[in-house]
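Quick note, my numbering runs 124 ahead of the 1-based positions in the sequence shown.
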Amino acid sequence: MTPDLRQLRYFVAVAEERHFGRAARKLSMTQPPLSQAIRALEEALGVELFARTKRTVDLTPVGADLLPEVRKLLAAADALRPLAQSLARGEAGALSLAFVSTADYGLLPQLLREFAVRHPRVRLNLAEATSDVQIEEIVAGRIDAGLIIPPPPPRHVATLSYLPVMREPLVAALPASSVRHRGRGEPPDWSDEPVSLADVGQLPLVIFPRRLAPGFYDIITGCYGTAGLTPRIGQEAIQMQTIVSLVSAGMGIALVPQSLRNLRRTGVVYRPLAERTPLVETGLVWRTADVSPVLAGFIDIVRAHAVSLHALAPRRLGTGRRAKQGKDARERDA
């Protein structure tokens, strides 16, 4: 027979009082049922817990060693209900979140700071991944949600929900050696002087592989097409840090979301584009039918952030207008 919590509480009471009568009064019960319960506990464990005489009740060596462990078990049992209530309210638990590298330089830190303030007991499991990898991980149930650049693969849109969070313009990341700047006292990477693709579009382009980020890839190459240019792909790289490092090495230019200006690299200059360009969208995606209380709390924070940036309302990816980002993307204000 497995001991139950009632028997363990009786054991602690007798151990503390060293007297069955006093322990029974403390437990608001009579002595015979208490004695029977302790005897049943000893039989279940196969050991004697108390050395009994007519005058005293002392713990055996086994009982003395067992007492702190029983107290730990009872403390854990007492904490179970409050923990369950915290989990139900989304105040405790874990959240597995992935994010594209572009989100790491502005959006993600803002969301995580606010989430940590509101949900300090939630354990965050974070991983950087491309949008396509995130979608597969979310669908497979290995992560809860992800910050992606849309759109997701059509085969998954029926089971996912998507919340646009941020739209930002593209800027040009240029090798500092290729930039002419005005003002002798002004370092070349501090200027906000716009640059035209007509001036830098002949330089090699460093970009994500299309198979990993088709939406983002099409936005960038579409900018070249709109300007009447054909991009000359010099290098492809998966991580945004690598792309900027390749620019720093003088291997080409890159068109990157504006928040990447927070990624400082020696030898890299960021410039706004003179041309009208589509906005790059970042949003949160999750399984529609699988929203835990913890995830719901994170979605609330993301939704508030999206409203502050005038993003779109959340929607099922399989219904309504899909999050397209090529020629249908909204253009930033001139």
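Ideal Cβ placement from N, Cα and C applies to all residues, glycine included. All of these numbers come straight from a predicted model, not from anything done at the bench.
Could you name the residues that DSSP lists as bridge partners for residue i?
i      : result
Ile357 : Leu329
Val136 : None, per the DSSP bridge assignment.
Gly407 : Ile272, Pro288
Leu379 : Ala296
Pro233 : Paired residue(s): none; Pro233 is not in a bridge.
Val246 : Gly217
Phe174 : Leu183
Val319 : Leu397
With a cut-off of 8 Å on the beta carbons, I'd call residue i and residue j a contact; round off their distance for me.
i      : j      : result
Val380 : Leu271 : Actually they do not touch by this definition, with Cβ atoms about 16 Å apart.
Ile284 : Ile262 : Here residue 284 is Leu; the residue named in the question, Ile, does not match the sequence. Rounded, the Cβ-Cβ distance is 7 Å, consistent with contact.
Val514 : Leu132 : With the chain covering only 125 through 458, there is no way to say anything about residue 514.
Ile273 : Thr366 : No, Ile273 and Thr366 are not in contact; Cβ-Cβ is about 17 Å, not under 8 Å.
Val404 : Ser372 : Contact doesn't hold; Cβ gap of about 21 Å is too wide.
Ala395 : Pro318 : The sequence shown places Arg at residue 395, rather than the Ala named in the question. Sure, about 6 Å apart at Cβ, within 8 Å.
His280 : Ile259 : 6 Å
Ala337 : Ser255 : 6 Å
Ala378 : Ala351 : With a Cβ gap of about 16 Å, Ala378 and Ala351 do not count as contacting.
Val186 : Ile162 : With 8 Å as the limit, Val186 and Ile162 do not qualify as a contact, their Cβ atoms being about 14 Å apart.
For residue i, name the three-state secondary structure that DSSP assigns.
i      : result
Ser220 : strand
Ala253 : coil
Pro402 : strand
Ala164 : helix
Val181 : strand
Ala373 : coil
Arg395 : strand
Asp414 : coil
Asp424 : helix
Leu129 : helix
Met153 : coil
Ala264 : coil
Phe144 : helix
Ala337 : coil
What residue from the options has the CA that sits closest to residue i's CA?
i      : options                        : result
Gln363 : Ala253, Ala203, Glu172         : Ala253
Leu250 : Glu193, Ser225, Leu298, Asp414 : Ser225
Leu408 : Ala164, Ala269, Val257         : Ala269
Phe135 : Leu197, Lys178, Thr177, Arg179 : Leu197
Glu172 : Thr126, Arg179, Ala188         : Ala188
Pro402 : Arg291, Leu287, Leu211         : Arg291
Asp424 : Leu204, Asp128, Phe239         : Phe239
Asp228 : Arg411, Ala428, Asn386, Phe422 : Asn386
Ser383 : Ala139, Leu204, Arg427, Ala297 : Ala297
Pro278 : Ser369, Thr154, Gly339         : Gly339
Arg242 : Glu215, Leu151, Ile343         : Glu215
Arg389 : Ala201, Gly376, Pro299, His143 : Pro299
Ala168 : Arg400, Met125, Ala428         : Met125
Contact between the stretch 211–223 and the stretch 233–249 (3+ Cβ pairs under 8 Å): yes
Cβ contact check for the stretch 410–421 and the stretch 239–252: 3 or more pairs under 8 Å: Taking 8 Å as the limit for Cβ pairs, the verdict is that the stretch 239–252 does touch the stretch 410–421.
The stretch 319–333 touching the stretch 350–363, judged by at least three CB pairs closer than 8 Å: Segments in contact, yes.
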